[in-house]
C-alpha cells in the first residue's frame, strides 16, 4: 500500500487515472487529495522523492512486485501489426497505395501528412472509399455503388501485392524488442496473436518473412475482413479471445494508435501503447502504459513480467 507524508484515504478508490505523466521508463499518474489536487503514484519498490506542480514534495512508496514465479502470466499477448511489429505506414503502405494509384492513372497521390489523417480510418478499403467520397471519385472509377466496391477491392488487391514485395525484400525491419517479447511469451506458454485491420496476406507476409517460419507457425493471425467492423470497434479483439478460448480480461494488447487502443479497451483488455511515427502525438490517456518502443537490451522498455504486473494491477 502506498504511503506518503500526507495521509491518504483508507479506500483505494481514490486512484483515478487522470493527468498522465512519464516517469522513468513507465507511466505514472498524478494525484493529491489535499485541496483536491492530484498526487503522483510510482510503481516502485522504493521510496521516491517527487515534486508536485504546486512546489511541494512528498514521498511515495509502493510494495515490491511479486517474484516472477508467483505471477499470473497473461493468457495471450495480442499485437497490432502496422506500427507495432513494423513501422510500415509511411514508407510501406503509403508508397504501395501511391504506386497503385499511379499504375491505374488515377491522378491521386497521398502525401505524408494526408496519409497521417487517413490513418484515423481503420482499414485500407475503407480509407480509399472515405477519401474518394470526400474529394470526388476519379474519372476512371465506375458510377454505381456496387461497381465502386469492386473497384476499391481491386485497387486494394494490387496495393497488397506491391506491399508484400517490399516485405519479402525485407526493406522494412521489425521494430526493436518485438522478436524478444514474442519469444519470451512463447517460451512461457503464453499465446501470441496478431490482430490487424490490414489485409490478411500482408499481415501473414510480415509475420512469416520478418519473424521467421518457426515463430509464424505458433502465431495466430486475425486480419482484414475477418470481422465486419474495423477498429476502433472491439470486434477483432473479442474474436481473438473467443477463438483462443481465453477471457478478454486475461489478455494484454500492444497497440500504437488511438483507434487500436480504443478497440482493446472496449474489449476489456489491458493495453500497452508503443508509439510509432504517425501516432506519437495521439491521445493515449486510457492506455495502461505508453512507451516509445518495446526495446531490446540494454534499452528494453518492458517485458513479459511487466505485462503480468499490469494484469495484477501492480502498474495502474
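In full-length UniProt numbering, the protein residues as written are 1 to 316. All residues carry an ideal CB built from backbone N, CA and C; glycine is no exception.
Can you tell me the Cα-Cα spacing of residue 210 and residue 216, whole angstroms? Reading the chain shown from its first residue, position 210 is the one you call residue 210. Reading the chain shown from its first residue, position 216 is the one you call residue 216. For residue 210 and residue 216, the distance between alpha carbons rounds to 9 angstroms.
Can we say the region 164 to 171 touches the region 109 to 127, given the rule of at least three CB pairs closer than 8 angstroms? no
Can you tell which of 94, 171 and 180 has the C-alpha that lies nearest to the C-alpha of residue 297? The residue labelled residue 297 in the question sits at position 297 within the chain shown. Checked all of 94, 171 and 180; the closest Cα to residue 297 is 180.
So, helix, strand or coil for residue 219, using DSSP? Along the chain shown, read from residue 1 onward, the residue named residue 219 stands at position 219. In this structure, residue 219 counts as strand in the three-state DSSP scheme.
Say the cut is 7 angstroms; is the CB of residue 135 nearer than that to a heavy atom of the ligand FMN? Ligands in the displayed structure: none, and consequently the ligand FMN is not present.
According to DSSP, is residue 79 helix, strand or coil? In the chain shown, the residue the question calls residue 79 occupies position 79. Strand at residue 79.
Own chain, CB closer than 6 angstroms to residue 375, minus 5 neighbours either side, in chain order: With the chain covering only 1 through 316, there is no way to say anything about residue 375.
Comparing alpha-carbon positions, which option in 102, 182 and 310 lies nearest residue 212? Here residue 212 is taken as the residue at index 212 of the chain shown, counted from 1. Comparing Cα-Cα distances from residue 212 to each of 102, 182 and 310, the minimum goes to 182.
For residue 243, which option in 73, 78 and 153 has the closest C-alpha, if you only look at C-alpha atoms? If you number the chain shown from 1, residue 243 lands on position 243. Cα-wise, what sits closest to residue 243 is 78.
Limits of the unbroken alpha helix (DSSP H) element including residue 203: Within the chain shown, residue 203 is the residue found at index 203, counting from 1. Unbroken alpha helix (DSSP H) run through residue 203: 200 to 206.
Would you call the CB atoms of residue 311 and residue 250 closer than 8 angstroms? Within the chain shown, residue 311 is the residue found at index 311, counting from 1. Within the chain shown, residue 250 is the residue found at index 250, counting from 1. In contact: residue 311 and residue 250 (Cβ atoms closer than 8 angstroms).
Residues in the same chain with beta-carbon distance under 6 angstroms from residue 227, minus the five sequence neighbours each way, listed in chain order, please. Mapped onto the chain shown, residue 227 falls at position 227. Excluding residues within five positions, the ones whose Cβ falls inside 6 angstroms are 235, 236 and 239.
Less than 8 angstroms between the C-beta atoms of residue 159 and residue 100, yes or no? Numbered from its first residue, the chain shown carries residue 159 at position 159. Numbered from its first residue, the chain shown carries residue 100 at position 100. For residue 159 and residue 100, yes; Cβs fall inside 8 angstroms.
Could you have a look at residue 9 and say whether DSSP puts it in helix, strand or coil? Within the chain shown, numbered from 1, the residue matching residue 9 stands at position 9. Any reading at residue 9 must be qualified, since the residue scores a pLDDT of 38, below 50, and its modelled position is unreliable; the value itself is stated next. It is coil, neither helix nor strand.
Near residue 293, what residues of its chain come up, given a Cβ to Cβ distance below 7 angstroms and the 5 sequence neighbours on each side ignored? In the chain shown, counting from the first residue as 1, residue 293 sits at position 293. Contacts found: 175, 176, 177, 274 and 301.
Identify whether residue 149 lies in helix, strand or coil by the three-state DSSP scheme. Stepping through the chain shown from its first residue, residue 149 is reached at position 149. Three-state DSSP puts residue 149 in a helix.
By the 10 Å Cβ neighbour count, where 16 or more other Cβ atoms means buried, how is residue 94 classified, buried or exposed? Residue mapping note: residue 94 aligns to position 94 of the chain shown, counting from 1. By the 10 Å Cβ count, residue 94 comes out buried.
My guess is that residue 197 and residue 92 are in contact by the Cβ rule of under 8 angstroms, so how many angstroms apart are they, rounded? Within the chain shown, residue 197 is the residue found at index 197, counting from 1. Within the chain shown, residue 92 is the residue found at index 92, counting from 1. That belief does not hold up - the Cβ atoms of residue 197 and residue 92 are roughly 15 angstroms apart, past 8 angstroms.
Could you tell me the distance, in whole angstroms, from the CA atom of residue 81 to the CA atom of residue 192? For this step, residue 81 is matched to residue 81 along the chain shown. For this step, residue 192 is matched to residue 192 along the chain shown. The alpha-carbon atoms of residue 81 and residue 192 are separated by roughly 12 angstroms.
Return the chain-ordered list of same chain residues with a C-beta closer than 8 angstroms to the C-beta of residue 220, the five sequence neighbours on each side being excluded. Within the chain shown, the letter at position 220 stands for residue 220. Within the same chain, residue 220 has close Cβ partners 191, 192, 193, 194, 240, 243 and 244.
Give every residue of the same chain whose Cβ lies closer than 8 angstroms to the Cβ of residue 186, excluding the five residues on either side of it in the sequence, and list them in chain order. For the purposes of this step, residue 186 is identified with residue 186 of the chain shown, where counting begins at 1. Cβ neighbours of residue 186 beyond the five flanking positions: 192, 215 and 218.
Give the DSSP-derived three-state secondary structure of residue 174 in the structure shown. Counting from 1 along the chain shown, the entry for residue 174 is found at position 174. Three-state DSSP puts residue 174 in a strand.
For a test of the three-state rule: what should DSSP assign to residue 112, helix, strand or coil? Counted from its first residue, the chain shown places residue 112 at position 112. If DSSP states are grouped into helix, strand and coil, residue 112 belongs with the helices.
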